[in-house]
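S.K.: This is the structure, below, for whatever I ask next.
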Amino acid sequence: MRHISPLRYPGGKGGLSDFLSEVICLNSLEGCPYFEPYAGGAGAALRLLTDGIVSKIYLNDADFRIYAFWRSVLDEPERFINSIQKVDISIDQWRKQREVLSNCNSNSMFDVGFATFFINRCSRAGIISTSGPIGGYGQKGTWKINARYSVDGLVVRVKVLQRLKESISISNLDAIEFLKKNLPAGPSRKNAFVYLDPPYYGQGNKLYMNFYDDSGHRGMAQYLQRQKTLPWIMTYDDETFIKEIYSFCEQHEFALQYSAQKVRKGTELLIHPNRIRIPAWSENIKFIDAA
Ligand SMILES: C[S@@+](CC[C@H](N)C(=O)[O-])C[C@H]1O[C@@H](n2cnc3c(N)ncnc32)[C@H](O)[C@@H]1O
């Protein structure tokens, strides 16, 4: 099964898993604990875990709704599966679930978690906060609201998570707090691996509830600059400001290739400290020009 995450995530990096796997192996880190402070749909992390490349994944996202999704699916998988199977997929249901997300504080963790999943699967581009239902409110489009809601396939994905539960940790902190709290201290820090995929510099405010202003982006750069042994790698949108704040690192421009024909428009940046070795080429990443 190629996709393991039940979420469709804007800017999702599941397609980067083969590349990350090569990076982990090239740097002799197989079997290491893996940390993802901006996890979102966690497509790459889950692939690395099921392939046995990493031993445990520590996921974090500042968005409470995303956290509630992971918490509920991991803590109550049977109930989650039951809800996937029983819920009717309609515009009325879409409005009801959207309402739950507008009042997170007055709903249970499970209800917020399921609403996040439902809205993610049934809204355009998987955007939770601002996009409408697939096919529009009048359902006149070619694609209808259930176009991305294959019950059987989604149930299988939840069952995979149920099996991996003991190897997945999830938290709801600011990224730097998460790293400070969870990374191993002392010499064993060099045996961990961190993949960072921060909210986009350009579009972050449109895609995610939590995003950074310039000082937020800079804060993470400063934190990483202080790390002298930690193996980490990062992807970002290709912006001059980001290139400047990470000028202490190696940077490459790349385009994610989702299939043989389809290359995503525009380029992204791959950033890593000099001590990390990366393969020049891999199946899922197409380097355009090294910056
Ligand atoms: C580019 S997306 C990550 C996508 C993810 N790599 C995937 O494959 O699905 C960035 C994520 O960072 C989260 N985020 C934004 N600000 C954050 C912060 N200060 N700390 C932790 N997470 C944050 C957003 O909620 C969003 O889910």
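Numbering (the numbering used here), first residue to last: 207 to 497.
Note that the Cβ used here is the ideal one computed from N, Cα and C, for glycine as well.
How is Asp429 classed by DSSP in three states: helix, strand or coil?
M.R.: Mapped onto the sequence shown, residue 429 falls at position 223. Looking at the sequence provided, one finds Tyr at residue 429 rather than Asp. Residue state, collapsed to three classes: helix.
S.K.: Using 8 Å for Cβ pairs, my map puts Leu244 next to Pro405. What's the rounded Cβ distance?
M.R.: One-based indexing of the sequence shown puts residue 244 at position 38. One-based indexing of the sequence shown puts residue 405 at position 199. The amino acid at residue 244 is misidentified as Leu; the sequence shows Tyr. With 8 Å as the limit, Tyr244 and Pro405 qualify as a contact, their Cβ atoms being about 7 Å apart.
S.K.: In the structure shown, what three-state DSSP assignment does Tyr240 receive?
M.R.: Against the sequence shown, residue 240 aligns to sequence position 34. Tyr240: strand per DSSP, three-state reduction.
S.K.: Below 8 Å on the Cβ atoms is my guess for Thr446 versus Leu475; work out the distance and round it to an integer in Å.
M.R.: Position 240 of the sequence shown, counted from the first residue, corresponds to residue 446. Position 269 of the sequence shown, counted from the first residue, corresponds to residue 475. Actually they do not touch by this definition, with Cβ atoms about 11 Å apart.
S.K.: By DSSP, does Val293 sit in helix, in strand, or in coil?
M.R.: As a first step, residue 293 is located in the sequence shown; it is residue number 87 there, counting from the start. It is coil, neither helix nor strand.
S.K.: For Tyr165, which residues of its own chain have a beta-carbon under 8 Å away from its beta-carbon, when the five flanking residues on both sides are left out?
M.R.: With the chain running from 207 to 497 in the structure shown, residue 165 is simply not present.
S.K.: Could you check the C-alpha separation between Phe320 and Trp300 for me, to the nearest Å?
M.R.: In the sequence shown, the residue the question calls residue 320 occupies position 114. In the sequence shown, the residue the question calls residue 300 occupies position 94. Looking at the two C-alpha atoms, the distance is approximately 12 Å.
S.K.: Closest by CA to Phe225, which one among Leu254, Ser453 and Gln433?
M.R.: The residue given as residue 225 occupies position 19 in the sequence shown. Closest option to Phe225, Cα to Cα, is Leu254.
S.K.: Since Tyr407 is in the alpha helix (DSSP H), which residue starts that stretch and which ends it?
M.R.: By one-based count along the sequence shown, residue 407 stands at place 201. From DSSP, Tyr407 is part of no alpha helix (DSSP H); its letter is neither H nor E.
S.K.: Would you mind working out which of Pro393, Ile230 and Leu307 sits nearest Thr322, comparing C-alpha positions?
M.R.: Along the sequence shown, one-based indexing puts residue 322 at 116. Its Cα nearest to that of Thr322, the residue Leu307 stands out among Pro393, Ile230 and Leu307.
S.K.: Do Ser373 and Asn266 count as a contact pair if the criterion is CB distance below 9 Å?
M.R.: By one-based count along the sequence shown, residue 266 stands at place 60. By one-based count along the sequence shown, residue 373 stands at place 167. For Asn266 and Ser373, no; Cβs fall outside 9 Å.
S.K.: Check whether the Cβ atoms of Ile477 and Gln457 sit closer than 9 Å, and answer yes or no.
M.R.: Residue 477 sits at position 271 when you count from the first residue of the sequence shown. Residue 457 sits at position 251 when you count from the first residue of the sequence shown. Yes. Within cutoff.
S.K.: Within 10 angstroms of the Cβ of Thr473, are there 16 or more other Cβ atoms? Answer buried if so, exposed if not.
M.R.: Locating residue 473 in the sequence shown gives position 267, counting from the first residue. Burial check for Thr473: the Cβ neighbour count within 10 Å reaches 16 or more, so the residue is buried.
S.K.: Taking only heavy atoms of ligand 1 into account, decide whether any of them is closer than 8 Å to the Cβ of Ser234.
M.R.: As a first step, residue 234 must be located in the sequence shown, where it is residue number 28. Result no, Cβ not under 8 Å from ligand 1.
S.K.: Using a Cβ-based criterion (distance less than 8 Å to any ligand heavy atom), does Ala321 qualify as near ligand 1?
M.R.: Translated into positions along the sequence shown, residue 321 becomes position 115. No.
S.K.: Between which two residues does the alpha helix (DSSP H) harbouring Ser261 extend?
M.R.: Against the sequence shown, residue 261 aligns to sequence position 55. Run containing Ser261: none in the alpha helix (DSSP H); it sits in the beta strand (DSSP E), Val260 to Asn266.
S.K.: Output the distance between the C-alpha atoms of Tyr429 and Lys387, rounded to the nearest integer angstrom.
M.R.: Within the sequence shown, the letter at position 223 stands for residue 429. Within the sequence shown, the letter at position 181 stands for residue 387. For Tyr429 and Lys387, the gap between their C-alpha atoms comes out near 13 Å.
S.K.: Can you say whether Ala331 is buried or exposed, counting buried as having 16 or more other CB atoms within 10 angstroms of its CB?
M.R.: Taking the first residue of the sequence shown as position 1, residue 331 is located at position 125. Its Cβ having fewer than 16 others within 10 Å, Ala331 is exposed.
S.K.: Specify the secondary structure class of Ala486 as computed by DSSP and reduced to three states.
M.R.: Here residue 486 refers to the residue found at position 280 of the sequence shown. Coil.
S.K.: What would DSSP say about His423, mapped onto helix, strand or coil?
M.R.: The sequence position of residue 423 within the sequence shown is 217, counting from 1. Correct three-state label for His423: helix.
S.K.: How is Pro479 classed by DSSP in three states: helix, strand or coil?
M.R.: Along the sequence shown, read from residue 1 onward, the residue named residue 479 stands at position 273. Coil, per DSSP.
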